[in-house]
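Worksheet: one structure, shown below.
There are 2 protein chains.
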Amino acid sequence: MHVTDAPSIWLRPERGSRGPQPTHSRDEIVAAAVTLADAEGLNAVSMRAVAAALGTGAGTLYRYLSSRDDLLDLMTDRVVAELRPYPEPGPDPIASLLELAGRQLGLYRRHPWLIELLGRATGIGPEGLAFFDHCLRVLTPVRCASAAKFEALAMTTGVVTLFVRSERSAPPPAFTGLDLTPYPHLVASFGQPGVPRADLFERTLRGLLHALLEEE
Amino acid sequence: MHVTDAPSIWLRPERGSRGPQPTHSRDEIVAAAVTLADAEGLNAVSMRAVAAALGTGAGTLYRYLSSRDDLLDLMTDRVVAELRPYPEPGPDPIASLLELAGRQLGLYRRHPWLIELLGRATGIGPEGLAFFDHCLRVLTPVRCASAAKFEALAMTTGVVTLFVRSERSAPPPAFTGLDLTPYPHLVASFGQPGVPRADLFERTLRGLLHALLEEE
DNA sequence: GATAAACCGCGAACGCTGTTTGCAGTTTAC
DNA sequence: GTAAACTGCAAACAGCGTTCGCGGTTTATC
Chain A
1 MHVTDAPSIW LRPERGSRGP QPTHSRDEIV AAAVTLADAE GLNAVSMRAV AAALGTGAGT
61 LYRYLSSRDD LLDLMTDRVV AELRPYPEPG PDPIASLLEL AGRQLGLYRR HPWLIELLGR
121 ATGIGPEGLA FFDHCLRVLT PVRCASAAKF EALAMTTGVV TLFVRSERSA PPPAFTGLDL
181 TPYPHLVASF GQPGVPRADL FERTLRGLLH ALLEEE
Chain B
1001 MHVTDAPSIW LRPERGSRGP QPTHSRDEIV AAAVTLADAE GLNAVSMRAV AAALGTGAGT
1061 LYRYLSSRDD LLDLMTDRVV AELRPYPEPG PDPIASLLEL AGRQLGLYRR HPWLIELLGR
1121 ATGIGPEGLA FFDHCLRVLT PVRCASAAKF EALAMTTGVV TLFVRSERSA PPPAFTGLDL
1181 TPYPHLVASF GQPGVPRADL FERTLRGLLH ALLEEE
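Residue numbers (the numbering used here), protein chains in the order written: chain A, 1 to 216; chain B, 1001 to 1216.
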């Protein structure tokens, strides 16, 4: 099995000391990539497209990054910085955590492509660690095992992404031409309009955190 | 804007009446693709690889499917059929729903690539509809709006995927070489080992469903 | 001050991807 | 019997991430 010895992008210096002054920078490249992703989605973030936005060729980017995955990691960390400044934790840890979850919700709404990137195992950067650290700080008064807090935070972030996903998923495609007789309960449920509740987000997370952070 | 008039793969007949008997079939192709995905992941499911597993060329597959997305939709519906036979609903709707969630958990564990496919807007097939319909049947005794049930079911499926994701995500990469002083709470949390609770799955879903299905 | 190592931008190329197209041969409907 | 519809197949196209080699530039070292 092959193991890449190349250090993570977070540890690699941007450039050495020798050589001509580079035309671009990691920050400029990542900013261009984020702009592209915000406008046209993750698929539009090809090395060639990002390079073209900077007026150069795809190969040039590899002077600053070692792969597209590195670029995605940097993009993630860049927008996660938008979660700052972290609000000072109040007396109620759950309420403070809900406020942080609300900030995440806004972040994912501004940058929908983030959702596709969260499934990756690799790539947690300084800003991601800082946010996680702040969440742990908020949870300090809660008396339960660290592992439970980890689980609760992971689940919270996950539920936030689920909400954004459900917001973005279009209404059901009307099932045109499909025989619905095998699905009687589904058909029956299309009676009442059912206005979605406004407090669904907070309600869900409260139920979740109550179950996961129960003191023992 | 361009709108594809091509009907969904579920409505298109497998073949017409004229012409020679085809060498392959949708089912055979989808089965080969699922085998490939189970063994080597979704990225290994290229049209060429699937075709090679069937001893033919990539172009041939387009006699049976109109795109790779169609293939992914068919793969999803095929494995969702593994959720059958649905257990007869018991007296407690929440308990019955938890049992169904457990079946989903097993399904996602057997076919991890399913998780990557659930984010897509398109592609709910007959088996997916049948499972959804059965969930609604289980929830019949619960007295709340249909929209709330929809939300609860979507959230349940989402939480199941979050669990599988967290199971598959490797332990933290040990942070080799990274300066951890900016993250004091994170470092402090690495004291107690914290054995993960076994009942986490059921506990989480109960808290969630209690919050979402509260009768009003 | 000269030399060598390291770095820059650039363009061409490699192997991979999903998809389209044209061709020859086969089966069925009218 | 003829025409339409279908089949398998191979080649080709455009796009992707990535690598490589080139000439030119900057810096560290002797």
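Glycine residues also receive a C-beta, built at the ideal position from the N, C-alpha and C atoms.
Spatial distance of residue i from residue j (CA atoms)
i, j, result
"residue 142 of chain A", "residue 52 of chain A", "50 angstroms"
"residue 15 of chain A", "residue 128 of chain A", "23 angstroms"
"residue 13 of chain A", "residue 69 of chain A", "17 angstroms"
"residue 44 of chain A", "residue 113 of chain A", "11 angstroms"
"residue 120 of chain A", "residue 73 of chain A", "9 angstroms"
"residue 1026 of chain B", "residue 169 of chain A", "28 angstroms"
"residue 184 of chain A", "residue 1147 of chain B", "16 angstroms"
"residue 21 of chain A", "residue 1067 of chain B", "47 angstroms"
"residue 291 of chain A", "residue 1182 of chain B", "In the structure as shown, chain A begins at 1 and stops at 216. Residue 291 of chain A is therefore absent and cannot be evaluated."
"residue 205 of chain A", "residue 1145 of chain B", "20 angstroms"
"residue 57 of chain A", "residue 9 of chain A", "21 angstroms"
"residue 1123 of chain B", "residue 1167 of chain B", "26 angstroms"
"residue 1198 of chain B", "residue 1161 of chain B", "17 angstroms"
"residue 1037 of chain B", "residue 157 of chain A", "27 angstroms"
"residue 1137 of chain B", "residue 1081 of chain B", "17 angstroms"
"residue 59 of chain A", "residue 7 of chain A", "21 angstroms"
"residue 210 of chain A", "residue 1210 of chain B", "11 angstroms"
"residue 1115 of chain B", "residue 17 of chain A", "45 angstroms"
"residue 1188 of chain B", "residue 88 of chain A", "20 angstroms"
"residue 1200 of chain B", "residue 11 of chain A", "35 angstroms"
"residue 3 of chain A", "residue 92 of chain A", "Interpretation of residue 3 of chain A is limited by its pLDDT of 49, a score under 50 that renders its predicted location unreliable; no figure is taken from the coordinates."
"residue 1071 of chain B", "residue 35 of chain A", "32 angstroms"
"residue 1180 of chain B", "residue 191 of chain A", "55 angstroms"
Cβ of residue i within 8 angstroms of any chain A Cβ
i, result
"residue 1009 of chain B", "no"
"residue 1183 of chain B", "yes"
"residue 1166 of chain B", "yes"
"residue 1014 of chain B", "no"
"residue 1019 of chain B", "no"
"residue 1169 of chain B", "yes"
"residue 1189 of chain B", "yes"
Contact under 8 angstroms by Cβ, residue i with residue j
i, j, result
"residue 1107 of chain B", "residue 1155 of chain B", "no"
"residue 164 of chain A", "residue 117 of chain A", "no"
"residue 1150 of chain B", "residue 1083 of chain B", "no"
"residue 1094 of chain B", "residue 1054 of chain B", "no"
"residue 1075 of chain B", "residue 1061 of chain B", "no"
"residue 1208 of chain B", "residue 153 of chain A", "no"
"residue 1102 of chain B", "residue 1096 of chain B", "no"
"residue 1214 of chain B", "residue 1098 of chain B", "no"
"residue 1186 of chain B", "residue 133 of chain A", "yes"
Min CB distance residue i to chain B below 8 angstroms
i, result
"residue 186 of chain A", "yes"
"residue 116 of chain A", "yes"
"residue 2 of chain A", "The predicted position of residue 2 of chain A is uncertain, since its pLDDT is 43 and thus under 50; a value taken from the coordinates is nonetheless stated next. Cβ-Cβ to chain B under 8 angstroms: no for residue 2 of chain A."
"residue 140 of chain A", "yes"
"residue 151 of chain A", "yes"
"residue 146 of chain A", "yes"
Nearest-angstrom beta carbon gap, residue j and residue i [assumed within contact, 8 angstroms]
i, j, result
"residue 1159 of chain B", "residue 1111 of chain B", "The Cβ separation is near 18 angstroms, so there is no contact."
"residue 1100 of chain B", "residue 1135 of chain B", "6 angstroms"
"residue 50 of chain A", "residue 33 of chain A", "5 angstroms"
"residue 125 of chain A", "residue 77 of chain A", "3 angstroms"
"residue 1064 of chain B", "residue 1024 of chain B", "7 angstroms"
(request) Scan the region 1083 to 1111 of chain B for residues whose Cβ lies nearer than 8 angstroms to a Cβ of chain A and list them as they occur along the chain. (result) none
(request) Compile a chain-ordered list of the residues in the region 1117 to 1138 of chain B whose CB is closer than 7 angstroms to at least one CB of chain A. (result) 1119, 1121, 1129, 1130, 1132, 1133, 1136 and 1137
(request) Could you list the residues in the region 1052 to 1081 of chain B with a C-beta less than 7 angstroms from some C-beta on chain A, going in chain order? (result) none
(message) If the cut-off is 9 angstroms on Cβ atoms, which residues from the region 196 to 212 of chain A count as contacting chain B, listed in chain order?
(response) 196, 197, 200, 203, 204, 205, 206, 207, 208, 209, 210, 211 and 212
(message) Which residues of the region 30 to 51 of chain A have a Cβ closer than 7 angstroms to any Cβ of chain B? Give them in chain order.
(response) none
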